[in-house]
Structures are given as structure tokens and as C-alpha cells.
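A.B. asks:
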Amino acid sequence: AACNSNPIPCKDPPDKLFTIHGLWPSDSNGHDPVNCSQSTVDAQKLGNLTTQLEIIWPNVYNRKDHISFWNKQWNKHGSCGHPTIMNDIHYFQTAIKMYITQKQNVSKILSNAKIEPEGKPRKQIDIVNAILKGTGDKEPKLKCQKNNQV
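For the sequence shown, my numbering begins at 104 and goes up steadily by one.
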């Protein structure tokens with residue numbers, strides 16, 4: 104969606120996965136607070152998480168600078184997850200855990216439902232139903248972007 108709806112040229116993941124754009128904590132009212140604090144993600148502290156993040160959470164606009172994208176996501180969204188999200192490393196570990204080990208791998212779930220990232224239109228209800236089925240009735244929160252390209 105990001106590559107199809109943004110004027111900035113970008114590169115789809117080479118293996119055509121649905122990837123993470125962000126992990127956005129919500130408050131008890133369902134609101135998504137933003138920019139709760141500002142800090143810089145230390146690439147050194149990410150260590151071996153970097154390899155996994157580059158695959159499941161890439162910067163599709165600049166494949167050589169993932170850290171600035173992850174910094175933006177941490178500051179805008181992740182920093183608002185306290186106390187559930189303890190710090191930046193825990194934020195990224197949580198995303199990896201959700202994607203890989205908690206049966207919340209959206210690429211796999213959608214692929215099992217024959218929904219592939221092929222650039223063709225999909226009905227929202229089909230996506231929601233596939234995610235509900237694949238996650239044991241965890242309801243996704245979808246945000247759609249209009250494709251303004253001619």
C-alpha cells in the first residue's frame with residue numbers, strides 16, 4: 104500500500120511480503136496517542152534484531168536507512184506504549200514476537216487466505232475475515248490510504 108499510494112519512489116520487498124509499517128499502541132478508549140517522548144534508537148543496542156527488522160519492517164523508501172524509519176515509528180508510536188512497552192528495544196522485540204511467533208504474521212495469514220501482495224484491489228471484509236480467522240478472532244485495526252496516482 105505504501106508503495107502504491109505514495110509519490111516517493113519505493114522498492115517493494117524482494118520476496119513480496121506484507122511487512123510491518125508500525126506497531127501503534129492504543130489507549131483504553133481505542134485512541135492512538137502519538138509523540139509521547141523523543142529519544143533516539145541506538146542501532147548498536149538493536150544488535151541481532153536488525154536482521155529480522157530489515158525483513159519484516161523495512162524502510163521501503165530507502166533500503167539503506169532503516170534506522171531513521173524505525174526511529175520515527177518508535178518516537179511517534181512506540182514511546183506511547185508505556186508501561187506495556189518498556190523501551191525502544193522492547194518495542195521492536197514485541198513487533199518481532201507478534202509477527203513471527205504469536206500467529207500474527209499477517210503475510211502468512213493473508214497468504215493462507217489466498218490474499219497476496221499483488222497490487223490488485225481487495226475487499227476490506229475479506230482482509231478482516233482472514234485476519235480474524237488466522238489470529239483466533241483478534242480484530243485488526245485497518246487504516247486505508249487512497250491511491251492518488253492516475
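Glycine residues also receive a C-beta, built at the ideal position from the N, C-alpha and C atoms.
Return the first residue and the last residue of the alpha helix (DSSP H) that TYR81 is part of.
C.D. replies: Because residue 81 is not part of the residues shown, which for the chain are 104 to 253, the question remains open.
A.B. asks: Note down, in chain order, each residue of its chain lying with its Cβ closer than 7 Å to the Cβ of LYS148, except the 5 sequence neighbours on either side.
C.D. replies: ILE192
A.B. asks: Does the segment 180-196 come into contact with the segment 223-236, if we say contact requires no fewer than three beta-carbon pairs (one atom in each stretch) closer than 8 Å?
C.D. replies: no
A.B. asks: Under the three-state reduction of DSSP, which class applies to LEU235: helix, strand or coil?
C.D. replies: helix
A.B. asks: Counting pairs of Cβ atoms below 8 Å between the segment 168-183 and the segment 125-140, do you hit three or more?
C.D. replies: yes
A.B. asks: Please classify ILE228 as buried or exposed, where buried requires at least 16 neighbouring CB atoms within 10 angstroms.
C.D. replies: exposed
A.B. asks: ILE230 by DSSP, collapsed to three states: which one?
C.D. replies: helix
A.B. asks: Roughly how many angstroms separate the alpha carbons of ARG166 and TRP160, rounded to a whole number?
C.D. replies: 11 Å
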